[in-house]
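Asks:
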Amino acid sequence: MSPDTTHPQNADIPLLEIREASVLRGDRLILDRFSLKLAVGQHVAILGANGSGKSTLIRLIARQLYPLARNDGVPTIRVFGRDRWSVSELRSLIGIVSPALQLDYTSDTPLEVFDAVVSGFFAARGLGLDHQVAPWMRERASEALQQVEATSLIGREMASLSTGEARRVLIARALVHRPRALLLDEPCAGLDPASRRRFLQTLRQLAGHGTTLLLVTHHVEEILPEIDHVVVLREGQLLREGDKASVLTGAVLSAAFDMPMRVERQGEYYGADVM
Ligand SMILES: Nc1ncnc2c1ncn2[C@@H]1O[C@H](COP(=O)(O)OP(=O)(O)OP(=O)(O)O)[C@@H](O)[C@H]1O
Numbered sequence: 001m002s003p004d005t006t007h008p009q010n011a012d013i014p015l016l017e018i019r020e021a022s023v024l025r026g027d028r029l030i031l032d033r034f035s036l037k038l039a040v041g042q043h044v045a046i047l048g049a050n051g052s053g054k055s056t057l058i059r060l061i062a063r064q065l066y067p068l069a070r071n072d073g074v075p076t077i078r079v080f081g082r083d084r085w086s087v088s089e090l091r092s093l094i095g096i097v098s099p100a101l102q103l104d105y106t107s108d109t110p111l112e113v114f115d116a117v118v119s120g121f122f123a124a125r126g127l128g129l130d131h132q133v134a135p136w137m138r139e140r141a142s143e144a145l146q147q148v149e150a151t152s153l154i155g156r157e158m159a160s161l162s163t164g165e166a167r168r169v170l171i172a173r174a175l176v177h178r179p180r181a182l183l184l185d186e187p188c189a190g191l192d193p194a195s196r197r198r199f200l201q202t203l204r205q206l207a208g209h210g211t212t213l214l215l216v217t218h219h220v221e222e223i224l225p226e227i228d229h230v231v232v233l234r235e236g237q238l239l240r241e242g243d244k245a246s247v248l249t250g251a252v253l254s255a256a257f258d259m260p261m262r263v264e265r266q267g268e269y270y271g272a273d274v275m
């Protein structure tokens, strides 16, 4: 383990630093010497076409996939300056909500909403006899459900929830740890336009209350006004990163999606269309 001379509270330390990460899946090189440095409090959108490597990047950050070791022995990935974290430590720094997680939590195995949230403390899918739920944990779970406006869902079975409702509950589950950042993979997938707008509003509130948002998407329309930094992936490599105005252009998106694209600013949001 690298010496821990750093501390997560130190604002100078990047939230995430990836240095030339290469990731193999099967025998294919999916991320190819990918580098990225994100600061605490810097809300970011990670944009890319299907197959560009977004999920692979998330799995790398979540420690579900490992990078190839570098010849020089330099750590490839650091979270808050450290290259080794246990999965539970990581959870209290970066909460991750992905479609795969949602699939797992909405299967038919019975699981009540509040239990799904509070069991986040035990990294378990639900509560078991050996889980001692302290009053402060219940308070945190209630607070997290309030933050995502999902208190009315308490008592419901996870499997009975709509896509948007289940996603709110899973974000609450990630929030019980009061993470510094939330990494959301395709957060608006499956939401109708009105639900999407309401959901984005909730994310804006979280951003406004100090949670750094890392939003992974293929939809430019989901890039919140609070997000100013955009990272574009293409075929496992960093195509471009920078502020919204410089990255959200027809030229960059056309290269990212391999198709002529037009980008328009629509009030506080951006929109993109195939030309
Ligand atoms: N287990 C695997 N073995 C081999 N190739 C894989 C494996 N998993 C993913 N890939 C390939 O890696 C590439 C990147 O996939 P990844 O899921 O990271 O992309 P993505 O940007 O998240 O795509 P999407 O937007 O469709 O979810 C794709 O070409 C995919 O086919």
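At position 147 of the sequence shown the residue is numbered 147 (UniProt numbering), and the sequence of numbers has no breaks.
We put the CB at the ideal spot given by N, CA and C, even for glycine.
These numbers were taken from a predicted model, which means no experiment stands behind them.
With respect to 6 Å, is the separation between the Cβ of leucine 50 and the closest non-hydrogen atom of ligand 1 below this value?
Replies: Note that residue 50 is asparagine in the sequence shown, not leucine. Flag set: Cβ of asparagine 50 near ligand 1.
Asks: My assumption, with CB atoms under 8 Å, is that glycine 53 sits in contact with leucine 233. Please give the rounded CB distance.
Replies: Sure, about 5 Å apart at Cβ, within 8 Å.
Asks: Jot down the residue ranges of each uninterrupted alpha helix (DSSP H) in the stretch 122-190, minimum 4 residues, whole runs only, in chain order.
Replies: Those alpha helix (DSSP H) runs which fall completely within the stretch 122-190 and span 4+ residues are 135-147, 163-175.
Asks: For arginine 28, does the count of other Cβ atoms within 10 angstroms reach 16, so buried, or fall short, so exposed?
Replies: Answer is exposed; the Cβ neighbour count stays below 16.
Asks: Shorter than 6 Å, the distance from the beta carbon of threonine 217 to the closest heavy atom of ligand 1, or not?
Replies: No, Cβ of threonine 217 sits at least 6 Å from all heavy atoms of ligand 1.
Asks: Less than 7 Å separating the beta-carbons of alanine 39 and threonine 76?
Replies: Not a contact, by the Cβ cut-off of 7 Å.
Asks: How would you label glycine 210, buried or exposed, when you count the other beta carbons within 10 angstroms and need 16 or more for buried?
Replies: Looking at its Cβ environment, which holds fewer than 16 other Cβ atoms inside 10 Å, glycine 210 is exposed.
Asks: Could you please give me the residues that DSSP links to valine 97 through a beta bridge?
Replies: DSSP output for valine 97 lists Leu184 as bridge partner(s).
Asks: Between alanine 144 and valine 176, is the Cβ-Cβ spacing less than 7 Å?
Replies: Taking 7 Å as the Cβ cut-off, alanine 144 and valine 176 qualify as a contacting pair.
Asks: Could you tell me the alpha carbon to alpha carbon distance between leucine 93 and aspartate 273, rounded to whole angstroms?
Replies: Their Cα atoms are separated by approximately 36 Å.
Asks: Please classify valine 113 as buried or exposed, where buried requires at least 16 neighbouring CB atoms within 10 angstroms.
Replies: With 16 or more Cβ atoms within 10 Å of its Cβ, valine 113 is classed as buried.
Asks: Short check: CB of isoleucine 13 to CB of phenylalanine 80, under 7 Å?
Replies: Yes, they are a contact pair.
Asks: Expressed to the nearest angstrom, what Euclidean distance is found between the alpha-carbon atoms of glutamate 268 and alanine 134?
Replies: In a straight line, the C-alpha of glutamate 268 is about 42 Å away from that of alanine 134.
Asks: Would you mind working out which of Leu238, Gly26, Glu226 sits nearest leucine 206, comparing C-alpha positions?
Replies: Per the Cα distances, Glu226.
Asks: Taking C-alpha atoms, which residue in Pro110, Leu224, Ala181 lies nearest to leucine 200?
Replies: Nearest option by C-alpha distance: Leu224.
Asks: Assign valine 252 to one of three DSSP states: helix, strand, or coil.
Replies: Valine 252: helix per DSSP, three-state reduction.
Asks: Nearest by alpha-carbon distance to methionine 158: which of Arg125, Leu60, Arg197 is it?
Replies: Of the candidates Arg125, Leu60, Arg197, the one whose C-alpha sits nearest the C-alpha of methionine 158 is Arg125.
Asks: Flag this pair as yes or no: are the beta carbons of valine 220 and valine 247 separated by less than 7 Å?
Replies: Not a contact, by the Cβ cut-off of 7 Å.
Asks: Quick check: does the Cβ of isoleucine 46 come within less than 6 Å of any heavy atom belonging to ligand 1?
Replies: Isoleucine 46: no, Cβ never under 6 Å from ligand 1.
Asks: Between glycine 73 and histidine 218, which are expected to be in contact by the criterion C-beta below 8 Å, what is the C-beta distance as a whole number of angstroms?
Replies: Not a contact, Cβ separation roughly 35 Å.
Asks: In chain order, what residues of the same chain have a beta carbon less than 7 Å from the beta carbon of glycine 41, not counting five sequence neighbours either side?
Replies: For glycine 41, where only same-chain residues beyond five positions count, the Cβ hits under 7 Å are Thr212.
Asks: Using the three-state DSSP reduction, which class does arginine 59 fall into: helix, strand or coil?
Replies: Helix.
Asks: Which residue's Cα is closest to the Cα of alanine 166: Met137, Leu182, Gln102, Gly271?
Replies: It is Gln102 whose Cα lies nearest to the Cα of alanine 166.
Asks: Based on Cα-Cα distance, which residue from Ser55, Leu15, Leu36 lies nearest to arginine 25?
Replies: Ranking Ser55, Leu15, Leu36 by Cα distance to arginine 25 puts Ser55 first.
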